[in-house]
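Engineer: Below you'll find the structure I mean.
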Amino acid sequence: MDDINWNDWLNREEITIDDALWLSMSAPIRPPGTSFPETSLFDDEYKERREIAESWRKKGLLPGKIKFEEKDRDWYIKPLIFFRLARDIEWLNPLNSEHDPIFNYLEKMDKSERKISEKAHIQRLTDFVNKSPKSLDSDSIAELWAAMPGESYENKPFWQIRDDYKKQIEIAVIGGELEAVVEIREPGFDDGYKEIADKNRIRKIKDGWLNGTFVRFTIYREQFEEWLKKSKQWPVVDSCLLFSWFDSEPKAEVVVDDVRQVTESGNQRYERELKQGLREIWVKEGRPEMKAFFPNQLKKYVNQSGSPITEVYTAGKDAGFAFKLSTGTTGNRTKKTLSNYVSEFKKTP
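What follows is the structure, encoded as structure tokens:
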């Protein structure tokens, strides 16, 4: 191994499969043509690995090109792709000091590519946050929290920081400390999600999934800021994009009395708008009983001007309706929830 110029071999634009195989042996050998007598000691190992490498080539895992030199032809590949595959299949042993040059090379390349990927991703997030959305899903919030344009991620990669924040947000939502709209993936509902109101079901969510189905947490900016303050994580550092989200749109002044400041969460606001729209429909229909109101009377207001109703579902336990509010907020409510609304409406003139 001592006579292998690793810097030369690993940084070549392309090498042959044979070259790569000899360099990745349990005892690396300078490729044939320069140290040919040694190769006979590893014929069996070479033949076995050659078959595997050929299978990579046929499957498209090892792209390259054929080059003809005199009467011979060889398949030329990029060293980086080959040695990553060799690492994955454990041809390379981290305890084998003779493989150190390859491991060091791969670590350097992985780090370089990760930086490029992180930089591009953070730029996309920057463009996104400039649109100043009023609410975001928890995944997006975690990404903004982790994203620091211009900063390096030497100690901990961006993706790991993001995942730590995602977990922290999920725990807060499930524990009831952070208010959020919790929805489960449900084909057939407006935008493909159905709201979960049952706290017992919410407590069973783990890593963003419930019984094998993806769950989405939607959180309003004001609610998230309030939670950050309660959990003593405010203010966030001004170099992260989460700070830009909070700072991207001046908040309207709230009229306050001398004693207390009146605040209203995003969820309360859209719930009030939804109830108001439903009550107007209910009154227009002559204050009917629930049996008459749903589904027949409510169906008449699907996608009608001034109506929040976009669809009515009548199938079994999924019976309910979908809505869209003036803010663009969409969601679903069950028949049982609508029945509760109607009961409330009856109590007020």
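Take numbering that gives the first Met the number 0: the final residue in the sequence shown is number 348, and no numbers are missing along the way. Where a beta carbon is used, it is the ideal one built from N, C-alpha and C, also for glycine.
With a CB to CB cut of under 8 Å and the five nearest residues on each side skipped, what residues in its chain are close to R200?
Structural biologist: Within the same chain, R200 has close Cβ partners L209.
Engineer: Could you give the uninterrupted runs of the alpha helix (DSSP H) lying entirely in the region 49 to 111, keeping only those of 4 residues or more?
Structural biologist: Segments of the alpha helix (DSSP H) lying fully in the region 49 to 111: 78 to 87.
Engineer: From E106 to Q159, what distance separates their C-alpha atoms?
Structural biologist: Taking the straight line joining both Cα atoms gives about 17 Å.
Engineer: Taking all protein chains shown into account, do 16 or more other C-beta atoms lie within 10 angstroms of the C-beta of A179, making it buried, or fewer, making it exposed?
Structural biologist: Buried, since its Cβ has 16 or more Cβ neighbours within 10 Å.
Engineer: In whole angstroms, give me the CA-to-CA distance for Q167 and I65.
Structural biologist: Distance between the alpha carbons of Q167 and I65 is about 51 Å.
Engineer: At the level of alpha carbons, what is the spacing between I140 and R271?
Structural biologist: If you take the alpha carbons of I140 and R271, they lie about 25 Å apart.
Engineer: Which residues bound the beta strand (DSSP E) around N331?
Structural biologist: Note, N331: beta strand (DSSP E), 329 to 333.
Engineer: So Q296 and P307 are supposed to be a Cβ contact under 8 Å. How far apart are they, rounded?
Structural biologist: Not really, about 15 Å apart at Cβ, beyond 8 Å.
Engineer: On the DSSP bridge list, what partners appear for F216?
Structural biologist: DSSP lists V181 as partners of F216.
Engineer: Where do the N-terminal and C-terminal ends of the beta strand (DSSP E) with E194 fall, by residue?
Structural biologist: 192 to 194 is the extent of the beta strand (DSSP E) around E194.
Engineer: Buried or exposed, going by whether 16 or more other CB atoms sit within 10 Å of the CB of G330?
Structural biologist: Buried is the call here.
Engineer: Where DSSP assigns a beta bridge to L209, which residues make up the other side?
Structural biologist: DSSP lists T212 as partners of L209.
Engineer: Going by other Cβ atoms of all chains shown within 10 Å of its Cβ, with 16 needed for buried, is K391 buried or exposed?
Structural biologist: The structure shown does not extend to residue 391, since the chain spans only 0 to 348, so no value can be given for it.
Engineer: Would you tell me roughly how many angstroms separate the C-alpha atoms of I101 and R56, rounded to the nearest one?
Structural biologist: Looking at the two C-alpha atoms, the distance is approximately 21 Å.
Engineer: Spatial neighbours of F81 within its chain, please: CB distance less than 6 Å, with the 5 preceding and 5 following residues excluded, ordered by chain position.
Structural biologist: Only A19 meet the Cβ criterion.
Engineer: Starting from L135, follow its DSSP beta bridges and name the residues at the other end.
Structural biologist: I218.
Engineer: Quick one: what does DSSP say L347 is sitting in, helix, strand or coil?
Structural biologist: Inspection of the sequence shows that residue 347 is occupied by Thr rather than by Leu. The answer is coil: DSSP assigns T347 none of H, G, I, E or B.
Engineer: Mind checking whether F216 and V172 have CB atoms under 9 Å apart?
Structural biologist: Contact flag set, yes.
Engineer: When you compare each of G174, E279, I183 to S202 by their alpha carbons, which one comes out closest?
Structural biologist: The question names Ser, yet the displayed sequence has Arg at residue 202. Looking at the Cα atoms, G174 is the closest of the given residues.
Engineer: Determine, using beta carbons only, whether Y340 and F188 come nearer to each other than 9 Å.
Structural biologist: Cβ distance not < 9 Å, so Y340 and F188 don't count as in contact.
Engineer: Counting only the same chain and skipping the five closest in sequence on each side, list residues whose C-beta sits under 7 Å from that of K274.
Structural biologist: Once the five neighbours on either side are set aside, the close Cβ partners of K274 are Y340.
Engineer: Is it right to say E343 is buried, meaning 16 or more other beta carbons lie within 10 angstroms of its own, or is it exposed?
Structural biologist: That one is exposed.
Engineer: Should R29 go down as buried or exposed, given a rule of 16 or more other Cβ atoms within 10 Å for buried?
Structural biologist: Looking at its Cβ environment, which holds 16 or more other Cβ atoms inside 10 Å, R29 is buried.
Engineer: With DSSP as the reference, identify every bridge partner of G319, one or two as the case may be.
Structural biologist: Answer by DSSP bridge pairing, in chain order: Y312, T333.
Engineer: A47 to N92, Cα distance in whole Å?
Structural biologist: Note on residue identity: the sequence assigns Glu, not Ala, to residue 47. Looking at the two C-alpha atoms, the distance is approximately 17 Å.
Engineer: Helix, strand or coil, according to DSSP, for I170 in the structure here?
Structural biologist: It is helical.
Engineer: I28 by DSSP, collapsed to three states: which one?
Structural biologist: Coil.
Engineer: Looking at the unbroken alpha helix (DSSP H) that takes in L9, where does it start and where does it end?
Structural biologist: From DSSP, the alpha helix (DSSP H) with L9 extends over 5 to 9.
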